[in-house]
Amino acid sequence: MFHKQECRIQNLAREYCKIFSAEARVIENFGPSLEVIPVYLMYRPANTVPHATVEADLKGVYLRYSFMDYSGRLVMRAGSEVEQKCCTLQHWIHQWTNGNLLLTRLEGVDTKITNVGISIKSTGYQGLSATGNPKVFEQFVSQHQCNYFCGLLGLRSLKALDSLTMPAKHKGSRSPLLQRKIATGSSSPQTGRKAAGSPRLPRKAELEGPAKTKGPKS
Ligand SMILES: [Zn+2]
Numbered sequence: 001m002f003h004k005q006e007c008r009i010q011n012l013a014r015e016y017c018k019i020f021s022a023e024a025r026v027i028e029n030f031g032p033s034l035e036v037i038p039v040y041l042m043y044r045p046a047n048t049v050p051h052a053t054v055e056a057d058l059k060g061v062y063l064r065y066s067f068m069d070y071s072g073r074l075v076m077r078a079g080s081e082v083e084q085k086c087c088t089l090q091h092w093i094h095q096w097t098n099g100n101l102l103l104t105r106l107e108g109v110d111t112k113i114t115n116v117g118i119s120i121k122s123t124g125y126q127g128l129s130a131t132g133n134p135k136v137f138e139q140f141v142s143q144h145q146c147n148y149f150c151g152l153l154g155l156r157s158l159k160a161l162d163s164l165t166m167p168a169k170h171k172g173s174r175s176p177l178l179q180r181k182i183a184t185g186s187s188s189p190q191t192g193r194k195a196a197g198s199p200r201l202p203r204k205a206e207l208e209g210p211a212k213t214k215g216p217k218s
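Take the sequence shown: its position 213, counting from 1, is numbered 213 in UniProt numbering, and each next residue is one higher.
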C-alpha cells in the first residue's frame, strides 16, 4: 500500500514536471529544466515484502532541495540554480493546480529529482488523501520568494493570487455592498446619485409621460 501511494505521487509529480519542462524548454534563458525520474512498482509474490519500488540509480551528489522539517515546516532552499528551479516548480504546480497541490519534498542529483513528497489541500484531489501539515500552504504562500525563473515563466505573484481567491470566496455576500460602495465611493456624490437613480427615473418618466401627454391632448 505504502509503495503504491509513493509510486503514484512521484509519477504524478513527474507528469506535472513534464508540462513544466515543456514550458521551460521554449524559454531561451531558462537553461536545463528539472526531471522527476520515474519510479516503478514491482510485484514479487514470492518475497516476504511483495511490493518494491524500482528507479534509476542517480550518480553524483545527492541533495535535498526542499523538505519538511521535524516540526512540519516547509524548508525551501534557494541558493543554487537547481534549488531556485525547484522553488519555481513548486510555484508553478501551485498555480497550475489552483493552489491544491504543493511539492513538499524535492531531492536528487542535479536536475534529476526523486523521492518526491506532496501535500494536497483537501482529500480527494487527484484521488489522494490530505496528509501532513495543512498550514504548509499558507506557509508556502508567505515564504516563497519569486525568483528569476518564476519571472521567466510569467508566474503570477502569490500575493496577487491571494487577493484573487478572496473575492471568489465572498462573492455572493459582498457583491451588492461592493456595488453600492463603488457607486457612492468612486464617483462624486452627484454623479453617484444620478447613476443610482437613473434606472428608476426613466421608469417614472415612462409612467408619468403618457399621463402628461394624455393631459394636454384631452
Ligand atoms: Zn515564484
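Just so you know, even glycine gets a beta-carbon here, dropped at the ideal spot from N, CA and C.
Buried versus exposed, by CB contacts within 10 Å (16 or more), residue i
| i | result |
| --- | --- |
| Tyr62 | exposed |
| Asn98 | exposed |
| Ile9 | buried |
| Lys159 | exposed |
| Val82 | buried |
| Asn115 | buried |
| Thr131 | exposed |
| Leu177 | Since pLDDT at Leu177 reaches only 47, below the 50 mark, its modelled position is unreliable, and the value read off the structure follows with that caveat. Looking at its Cβ environment, which holds fewer than 16 other Cβ atoms inside 10 Å, Leu177 is exposed. |
Any non-hydrogen atom of ligand 1 closer than 7 Å to residue i Cβ
| i | result |
| --- | --- |
| His91 | yes |
| Cys17 | no |
| residue 220 | Only positions 1 to 218 of the chain appear in this structure, which leaves residue 220 out of reach. |
| Cys150 | yes |
| Leu103 | no |
| Cys7 | no |
| residue 221 | For residue 221 there is no data in the structure shown, the boundaries of the chain being 1 and 218. |
| Leu34 | no |
| Leu155 | yes |
Of the listed residues the options, nearest to residue i (C-alpha basis)
| i | options | result |
| --- | --- | --- |
| Tyr16 | Gly154, Leu101, Phe137 and Cys150 | Leu101 |
| Arg64 | Val54, Ala56 and Met76 | Met76 |
| Trp92 | Tyr70, Ile9, Leu152 and Asp57 | Leu152 |
| Phe140 | Met68, Tyr148, Phe30 and Ala130 | Met68 |
| Phe149 | Gly108, Ser66, Ile19 and Ile27 | Ile27 |
| Asn133 | Cys87, Gly117, Ile19 and Glu55 | Gly117 |
| Cys106 | Ile37, Val49 and Ser142 | A quick correction: the sequence has Leu, not Cys, at residue 106. Considering only alpha carbons, the answer is Ile37. |
| Ala24 | Gly60, Gln5 and Lys85 | Lys85 |
| Val54 | Tyr40, Ser66 and Gly60 | Tyr40 |
- Message: Please give me, in chain order, every unbroken run of the beta strand (DSSP E) with length at least 3 that falls completely inside the segment 39 to 98.
- Response: Along the length of the segment 39 to 98, whole beta strand (DSSP E) runs at least 3 residues long occupy 39 to 43, 51 to 55, 62 to 68 and 74 to 76, reported in chain order.
- Task: Determine, using beta-carbon pairs with one atom in the segment 121 to 136 and one in the segment 40 to 53, whether at least three such pairs fall under 8 Å.
- Result: No: fewer than three Cβ pairs fall under 8 Å.
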